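Q: Just passing along the structure, written as structure tokens.
Numbering (our numbering), first residue to last: 75 to 166.
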């Protein structure tokens, strides 16, 4: 069992492996260490079947870059904070 955070190198290996696996018809593994945005982009590729476009692959690479640079997490936190503020304003 993996403990702690994965290094960038481990995440890159995981992403590269899963992208290759999906492009060759395999499925996504659940314990990849990848964030939801990246996994969703990989699911989009898997869902496209044999009709995978370069745009889908590039979107997955962008999502993964966002995981590595922290922008996916920052966007998720900003959305969470916005939703909490709206809920407080409605109830307050």
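Yeah, the Cβ is synthetic: ideal placement off N, Cα and C, and Gly gets one too. Quick caveat: nothing in here was measured; it's all calculated off a predicted structure.
If residue 108 and residue 89 are in contact, beta carbons under 8 angstroms, what's the gap, nearest whole angstrom?
A: Mapped onto the chain shown, residue 108 falls at position 34. Mapped onto the chain shown, residue 89 falls at position 15. Their Cβ separation, rounded to whole angstroms, is 6 angstroms, which keeps residue 108 and residue 89 in contact under 8 angstroms.
Q: With residue 92 and residue 130 assumed to form a contact (beta carbons below 8 angstroms), what rounded beta-carbon distance in angstroms separates them?
A: Here residue 92 refers to the residue found at position 18 of the chain shown. Here residue 130 refers to the residue found at position 56 of the chain shown. Contact doesn't hold; Cβ gap of about 14 angstroms is too wide.
Q: May I ask which residues mark the beginning and end of the alpha helix (DSSP H) holding residue 159?
A: Along the chain shown, read from residue 1 onward, the residue named residue 159 stands at position 85. Counting along the chain, the alpha helix (DSSP H) containing residue 159 begins and ends at 145–165.
Q: Am I right that residue 141 and residue 111 are in contact with their C-beta atoms under 8 angstroms? What's the rounded C-beta distance?
A: Numbered from its first residue, the chain shown carries residue 141 at position 67. Numbered from its first residue, the chain shown carries residue 111 at position 37. Correct: roughly 7 angstroms between the Cβ atoms.
Q: Could you spell out where the alpha helix (DSSP H) holding residue 90 opens and where it closes?
A: Mapped onto the chain shown, residue 90 falls at position 16. Per DSSP, residue 90 belongs to the alpha helix (DSSP H) from 82–97.
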